[in-house]
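In our numbering, the protein residues as written are 193 to 370.
Below is the structure:
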């Protein structure tokens with residue numbers, strides 16, 4: 193018995209497909225795909241969620257001092273003249289930052305190795321690069337998804353059969369986070 197399904201693709205194509213689908217599943221919460229792909233996606237997604245649940249509270253909050261440029265009413269940096277040169281004025285601000293412990297950092301890097309970054313485009317700026325922002329799916333795993341499944345021992349995804357696809361009669365399914 194094979195350890196995984198080949199899905200009719202070369203290894204690099206298969207890895208890229210699975211990375212993309214797992215990223216989409218974790219970002220959107222559900223995706224529509226074929227049954228064979230869904231069963232492969234389930235293995236990877238559930239292991240990542242289990243890792244996030246295990247390392248959910250493994251961090252410490254630290255207060256750090258940071259220099260932030262002073263802004264005027266228009267949002268531009270305030271400059272003042274020092275020795276004949278214009279220099280930006282900075283204020284010292286205290287910020288609280290979450291610092292991952294070693295095992296959580298390792299888990300985050302394992303996830304980052306597999307997941308793609310997601311670029312979120314607002315609806316009014318569709319097709320433009322302005323106002324786009326990148327979403328860290330690993331943060332979403334630790335902050336939103338893992339707390340939902342703390343009291344659950346596995347079984348984080350559900351596969352629901354939709355029916356056969358019209359073109360090639362492949363069984364289509366909906367894979368979603370429970």
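Heads up, the beta-carbon is just placed ideally off N, CA and C, and yes, glycines get one too.
Test item: CB-CB of residue i and residue j under 8 Å
i: residue 256; j: residue 282; result: no
i: residue 218; j: residue 337; result: yes
i: residue 346; j: residue 238; result: yes
i: residue 300; j: residue 326; result: no
i: residue 244; j: residue 333; result: yes
i: residue 248; j: residue 342; result: yes
i: residue 254; j: residue 285; result: no
i: residue 229; j: residue 199; result: yes
i: residue 263; j: residue 273; result: no
Range of the contiguous alpha helix (DSSP H) that encloses residue i
i: residue 206; result: 203-220
i: residue 306; result: 294-306
i: residue 332; result: 329-332
Where the beta strand (DSSP E) through residue i begins and ends
i: residue 350; result: 349-356
i: residue 309; result: No beta strand (DSSP E) contains residue 309, which DSSP labels as neither H nor E.
i: residue 257; result: 251-261
i: residue 277; result: 277-280
i: residue 273; result: 271-274
Whole-angstrom C-beta distance between residue j and residue i, which should lie under 8 Å
i: residue 215; j: residue 308; result: 5 Å
i: residue 352; j: residue 370; result: About 11 Å separates the two Cβ atoms, so there is no contact after all.
i: residue 258; j: residue 291; result: Rounded, the Cβ-Cβ distance is 14 Å, inconsistent with contact.
i: residue 250; j: residue 204; result: Rounded, the Cβ-Cβ distance is 33 Å, inconsistent with contact.
i: residue 232; j: residue 197; result: 5 Å
For residue i, three-class secondary structure by DSSP
i: residue 324; result: coil
i: residue 243; result: helix
i: residue 224; result: strand
i: residue 229; result: helix
i: residue 287; result: strand
i: residue 340; result: helix
i: residue 373; result: Residue 373 is absent from the model: the chain starts at 193 and stops at 370.
Cβ-heavy atom distance, residue i to the ligand NAP, below 7 Å
i: residue 228; result: Absence of the ligand NAP from the depicted structure is noted, as is the absence of any ligand whatsoever, leaving it without description.
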